[in-house]
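Protein chains: 2
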Amino acid sequence: MAITIADIAREAGVSISTVSRVMNNTKPVSPELRERVYEIIEKNNFKPNALAQGLITKKTNIVGVVIPDISNPVFGALTKGINSVCTKKGYTIMVCESGGEQEQEMKLLDVLEDKQTDGVLFAGVDINQVLVDAMLKKQYPVVLVTQESAVEENVIDTVTHDNVRAVYDATKFLLDNGHERIAYLGGPKHDFSSGKKRLKGYRMALEEAGITVPDSYIEQGEFSFQSGYEGMKRLYEENSILPTAVVAGSDLIAIGGIQFLNSVGVSVPDEISIIGFDDLDFATCLRPELSTVRIPYFAEGEKAAKELIKFMTGSKEKAATHYVPHKIIRRGTTRAKSK
Amino acid sequence: MAITIADIAREAGVSISTVSRVMNNTKPVSPELRERVYEIIEKNNFKPNALAQGLITKKTNIVGVVIPDISNPVFGALTKGINSVCTKKGYTIMVCESGGEQEQEMKLLDVLEDKQTDGVLFAGVDINQVLVDAMLKKQYPVVLVTQESAVEENVIDTVTHDNVRAVYDATKFLLDNGHERIAYLGGPKHDFSSGKKRLKGYRMALEEAGITVPDSYIEQGEFSFQSGYEGMKRLYEENSILPTAVVAGSDLIAIGGIQFLNSVGVSVPDEISIIGFDDLDFATCLRPELSTVRIPYFAEGEKAAKELIKFMTGSKEKAATHYVPHKIIRRGTTRAKSK
DNA sequence: CTCAAGGAGGAAAACCTTTTCCTATGGTTT
DNA sequence: AAACCATAGGAAAAGGTTTTCCTCCTTGAG
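Protein chains in written order, with the working numbering: chain C, 47 to 385; chain X, 47 to 385.
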């Protein structure tokens, strides 16, 4: 039913090869023929069948994107960045949702392989040896994004932000503002997750400052509003001496925490300062606006896509880890401690 | 390099046809052969090349998704719903971002055609005659989602929510709570956009109640926080008699509006009630929590995908418009007016 | 004037499946 | 016992491109 290159060739009175050459500029064709063929292509609005093309060229111009959760704004921004450069370079993205589960992630890697994607951008939660091995076996190049692997350095190209350093900086920011009793409200304690890295950054900063915190100052859970609310509640109930500042593992956690504090009449930032992580659009919709550390997810997506394209086009071979810079955003929920 | 069906056939000592038959259960094969072939497939972890398959079967098991903005939480939820049923039915989605621009939308329709997608889910902003014509010309079935076309009924299958009715209900809700001076803070006034429909719902409810509002009670702009803030500011500055309630065209607008009111010391809901639209996750992260009308975007995505699959599998022919039910969610930002 | 070389175009192979069309075998029916 | 039929399996076509390999013609050099 659909029109094929053969139809064009027939109508133009030339061979199939010539039509192909006109379209791909792959060999000289005389101006008159070129003209005639072009016209007929235009007239019929002919587009070559990408399947047939892919079958022979072994290129589909599709890149797979694996993320844990499509509706999570962090991955929304990331995907938007990815799509932005992919579109610009003529690639279309195939988005897959893993739910953060390894079994599903493995399956998606397979699906994307037999769909013949030219490459894959992978945003995992806990990238262990099994996953890395699976990726290395694949036909296509992979670049990790948002989350580095737990395996020896630079086996797979990676674009991410420095979780340890970012939370270190956030904690340092509070320390520099005179706080000493600083608690941590974090995400999952999954082995190689970003949650663990963020906790490490917090610990580093305190240790460096020579401050020891009680275990009851550290709460972990999910990266969600609910979890933040409950974490803060435990913090509040289990400590007779309250912290003067809190580092949160995500903006949602921070907001949940603030909400709890509001509900018990503790003022932010007057009594407790709190700093988030991510810088969601929403952070500026609160009053006071949320202080946080900004991770440029859109830019991270862009960079990862560019990196992947380098591999796909063969202009790069060696894997490396690239960090995208974070930034402390001082807004209304943090304040210097009066001595 | 990659292993093909021929390799399997050779190794098993059977013909290519037999291997294909084993994999697709398309014709009886003796148990022994079947067994032997299966084993070798397993051993080599063979997966047929989807391109070659698609070329001959004319099915790719890919569905295209066109949305205005990947990072918008509304479309995030929608896409998640779509992906949920697609995955379950063996389809993979190809997500494209249009920026809400018609030119780009047309281009994407073309791209998805020559990628041979089996069908397309289209979330537009202003689906006019030109767009509808383009869709009807395509090889694949299309179903509109979130936004119906401006063209005569039921040319293209549609899954959406009733924007007019939803805002009508929201306005009615305020009326029923004793409010009479009700303002509207809306989205774009684009010709066939949901913004226009929502405004219509507002007008209908007031008209029905026999209430006339001054033009200065109606503000339009974008569906954003910023726009809500500014719209409310104008409302506040241009009216000597303030409304006692405000209907917002989106949650973000509502939140922006509330933020402005807070900044000038007007209490929500004590002095002004406000109701949003969408029910973003965020609505419950505010204090007071946002009253709103919930649109089940996830379910809408699911339903649209199911609808599309019916068309793709030929089990349905006739286009129709399906509405997904909205619901008024009473939370903290609305209150009955004391007489 | 002859021969080599280069340029323009066509025929056909290749890519990897599914599916149609045959063939052979063994069993059933009359 | 002959004719027929069903069944299992193979060979090859088809699907729509790109690309290799030819061929033919023109041009330039010797």
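Yeah, the Cβ is synthetic: ideal placement off N, Cα and C, and Gly gets one too.
Discussion item. With a threshold of 7 Å between beta carbons, is X:SER296 in contact with chain C?
Written reply: Within the second sequence, the letter at position 250 stands for residue 296 of chain X. Cβ-Cβ to chain C under 7 Å: no for X:SER296.
Worksheet entry | Counterpart residues of C:GLU143 in DSSP-defined beta bridges | In the first sequence, the residue the question calls residue 143 of chain C occupies position 97. Paired residue(s): C:ILE113.
Discussion item. Which of the three DSSP states is assigned to X:ARG361 in this structure?
Written reply: Taking the second sequence and counting its residues from 1, one reaches residue 361 of chain X at position 315. Rather than Arg, the amino acid found at residue 361 of chain X in this sequence is Ser. In the structure shown, the three-state DSSP call for X:SER361 is coil.
Fill in: CA-to-CA distance, X:PHE306 to C:THR217, given in whole angstroms
As a position in the first sequence, residue 217 of chain C is number 171, starting the count at 1. As a position in the second sequence, residue 306 of chain X is number 260, starting the count at 1. So the two alpha carbons sit approximately 32 Å from each other.
Discussion item. Which of the three DSSP states is assigned to X:PHE323 in this structure?
Written reply: Position 277 of the second sequence, counted from the start, is the residue given in the question as residue 323 of chain X. Secondary structure of X:PHE323 (DSSP, three-state): strand.
Discussion item. Here's a check: name, in chain order, each residue in its chain whose Cβ is nearer than 8 Å to the Cβ of C:PRO371, leaving out the five neighbours to either side.
Written reply: The residue labelled residue 371 of chain C in the question sits at position 325 within the first sequence. Once the five neighbours on either side are set aside, the close Cβ partners of C:PRO371 are HIS207 and PRO342.
Practice prompt. Using a Cβ-Cβ cut-off of less than 7 Å, list which residues of the segment 113 to 135 of chain X approach chain C; keep chain order.
Written response: Within the segment 113 to 135 of chain X, the residues whose Cβ lies closer than 7 Å to some Cβ of chain C are ILE116, SER117, PRO119, GLY122, ALA123, THR125, LYS126 and ASN129, listed in chain order.
Item to complete: Mind checking the segment 301 to 326 of chain C against chain X and listing, in chain order, the residues whose C-beta falls within less than 7 Å of any C-beta there?
Response: Contact annotation: in the segment 301 to 326 of chain C, residues whose CB is within less than 7 Å of a CB in chain X are ILE301, GLN305 and ASN308.
Practice prompt. Would you be able to state if there are at least three C-beta pairs under 8 Å between the segment 130 to 138 of chain X and the segment 77 to 95 of chain X?
Written response: Not touching, per the Cβ criterion.
Worksheet item: With X:LEU336 and X:PRO119 assumed to form a contact (beta carbons below 8 Å), what rounded beta-carbon distance in angstroms separates them?
Response: If you number the second sequence from 1, residue 336 of chain X lands on position 290. If you number the second sequence from 1, residue 119 of chain X lands on position 73. Going by Cβ atoms, the distance from X:LEU336 to X:PRO119 rounds to 14 Å, so no, they are not a contact pair.
Worksheet entry | CA-to-CA distance, C:VAL157 to C:THR50, given in whole angstroms | Along the first sequence, read from residue 1 onward, the residue named residue 50 of chain C stands at position 4. Along the first sequence, read from residue 1 onward, the residue named residue 157 of chain C stands at position 111. C-alpha of C:THR50 to C-alpha of C:VAL157: approximately 28 Å in a straight line.
Worksheet item: What do you reckon, are the CB atoms on X:ASN107 and X:TYR137 nearer than 7 Å?
Response: The sequence position of residue 107 of chain X within the second sequence is 61, counting from 1. The sequence position of residue 137 of chain X within the second sequence is 91, counting from 1. For X:ASN107 and X:TYR137, yes; Cβs fall inside 7 Å.
Item to complete: Kindly indicate which residue of C:SER273, C:GLU149 and C:LEU221 has the alpha-carbon position closest to the one of C:PRO234.
Response: On the first sequence, residue 234 of chain C is found 188 positions in, with the first residue counted as 1. With distances taken between Cα atoms, C:PRO234 lies closest to C:SER273.
Fill in: Buried versus exposed call for C:ARG211 [16 or more other C-beta atoms within 10 Å across all chains shown]
The sequence position of residue 211 of chain C within the first sequence is 165, counting from 1. That one is buried.
Practice prompt. Just the C-alpha distance for X:ALA123 and X:ASP115, rounded to the nearest angstrom, thanks.
Written response: Your numbering for residue 123 of chain X matches position 77 in the second sequence. Your numbering for residue 115 of chain X matches position 69 in the second sequence. Whole-angstrom Cα-Cα distance: 12 Å.
Item to complete: Closer than 8 Å by beta-carbon distance: list the chain C residues that pair up with X:ALA48, in chain order.
Response: Numbered from 1 along the second sequence, position 2 holds the residue referred to as residue 48 of chain X. Neighbours of X:ALA48 in chain C, taken as residues whose beta carbon is under 8 Å from its own, are GLN185 in chain order.
Item to complete: Give the interface partners of X:ALA351 over in chain C, defined as CB-CB distance under 9 Å, in chain order.
Response: Walking along the second sequence from the start, residue 351 of chain X turns up at place 305. Here the premise fails: no neighbours, minimum Cβ distance about 13 Å.
Practice prompt. Reducing DSSP to helix, strand and coil, say where C:PHE271 ends up.
Written response: Within the first sequence, residue 271 of chain C is the residue found at index 225, counting from 1. Annotated three-state conformation of C:PHE271 is helix, per DSSP.
Fill in: Residue of C:GLU198, C:VAL75 and C:ILE173 minimising C-alpha distance to C:THR192
Here residue 192 of chain C is taken as the residue at index 146 of the first sequence, counted from 1. Checking every option, the nearest Cα to that of C:THR192 belongs to C:ILE173.
Discussion item. Along the segment 77 to 106 of chain X, where does the CB come closer than 8 Å to a CB of chain C? Name the residues.
Written reply: Here the close residues are LYS93, PRO94, ASN95, ALA96, LEU97, ALA98, GLY100, LEU101 and THR106.
Discussion item. Restricting to runs no shorter than 4 residues, where is the alpha helix (DSSP H) found entirely within the segment 143 to 202 of chain X?
Written reply: As far as the segment 143 to 202 of chain X is concerned, its whole alpha helix (DSSP H) runs of at least 4 residues are 148 to 160 and 175 to 183.
Discussion item. Just verifying my parser: in three-state terms, what is the DSSP assignment at X:ALA386?
Written reply: It is not possible to answer for residue 386 of chain X, since the shown part of chain X is limited to 47 through 385.
Practice prompt. Please confirm if C:GLN162 has its CB atom under 7 Å from at least one CB of chain X.
Written response: Mapped onto the first sequence, residue 162 of chain C falls at position 116. Judged by the 7 Å Cβ criterion, C:GLN162 is in contact with chain X.
Discussion item. Helix, strand or coil for C:GLU317? Go by DSSP, reduced to three states.
Written reply: Along the first sequence, one-based indexing puts residue 317 of chain C at 271. Here C:GLU317 sits in coil by DSSP.
Worksheet item: Rounded C-beta distance between X:ILE374 and X:ASP215? I'm assuming under 8 Å.
Response: Numbered from 1 along the second sequence, position 328 holds the residue referred to as residue 374 of chain X. Numbered from 1 along the second sequence, position 169 holds the residue referred to as residue 215 of chain X. So it is a contact: roughly 6 Å between Cβ atoms.
Worksheet item: Thinking C-beta only, is X:ASP297 closer than 7 Å to X:ALA251?
Response: On the second sequence, residue 251 of chain X is found 205 positions in, with the first residue counted as 1. On the second sequence, residue 297 of chain X is found 251 positions in, with the first residue counted as 1. Cβ distance not < 7 Å, so X:ALA251 and X:ASP297 don't count as in contact.
Worksheet item: Is the CB of X:GLU348 under 7 Å away from at least one CB in chain C?
Response: Taking the first residue of the second sequence as position 1, residue 348 of chain X is located at position 302. Contact with chain C is absent for X:GLU348, since none of that chain's Cβ atoms lies less than 7 Å from the residue's Cβ.
Discussion item. Against chain C, with Cβ distances strictly below 7 Å, would X:THR138 count as a contact?
Written reply: Numbered from 1 along the second sequence, position 92 holds the residue referred to as residue 138 of chain X. Yes, because at least one Cβ of chain C sits closer than 7 Å to the Cβ of X:THR138.
Practice prompt. Rank X:LYS242, X:LEU79 and X:THR72 by C-alpha distance to the C-alpha of X:VAL57 and give the top, closest one.
Written response: Position 11 of the second sequence holds residue 57 of chain X. The amino acid occupying residue 57 of chain X in the given sequence is Glu; Val does not appear at that position. The residue with the shortest Cα to Cα distance from X:GLU57 is X:LEU79.
Practice prompt. Would you tell me roughly how many angstroms separate the C-alpha atoms of X:LYS362 and X:ALA345, rounded to the nearest one?
Written response: The residue labelled residue 362 of chain X in the question sits at position 316 within the second sequence. The residue labelled residue 345 of chain X in the question sits at position 299 within the second sequence. Whole-angstrom Cα-Cα distance: 20 Å.
Worksheet item: Relative to the alpha-carbon of C:THR103, which residue among X:LEU97, X:ILE102 and X:LYS104 has its alpha-carbon at the smallest distance?
Response: Against the first sequence, residue 103 of chain C aligns to sequence position 57. It is X:LEU97.
Worksheet entry | Beta-bridge pairing of C:VAL370 - partner residues as DSSP gives them | Against the first sequence, residue 370 of chain C aligns to sequence position 324. In DSSP, C:VAL370 forms a bridge with C:HIS207.
Worksheet item: For X:GLU254, does the three-state DSSP call read helix, strand or coil?
Response: Your numbering for residue 254 of chain X matches position 208 in the second sequence. The three-state reading of DSSP puts X:GLU254 in helix, counting H, G and I together.
Fill in: Distance between beta carbons of C:ASP203 and C:ALA365, contact taken as under 8 Å
By 1-based counting over the first sequence, the position of residue 365 of chain C is 319. By 1-based counting over the first sequence, the position of residue 203 of chain C is 157. With a Cβ gap of about 4 Å, C:ALA365 and C:ASP203 count as contacting.
Item to complete: Apply the 10 Å Cβ neighbour rule to X:HIS236 and answer buried if 16 or more other Cβ atoms are within range, or exposed otherwise.
Response: The sequence position of residue 236 of chain X within the second sequence is 190, counting from 1. Exposed, since its Cβ has fewer than 16 Cβ neighbours within 10 Å.
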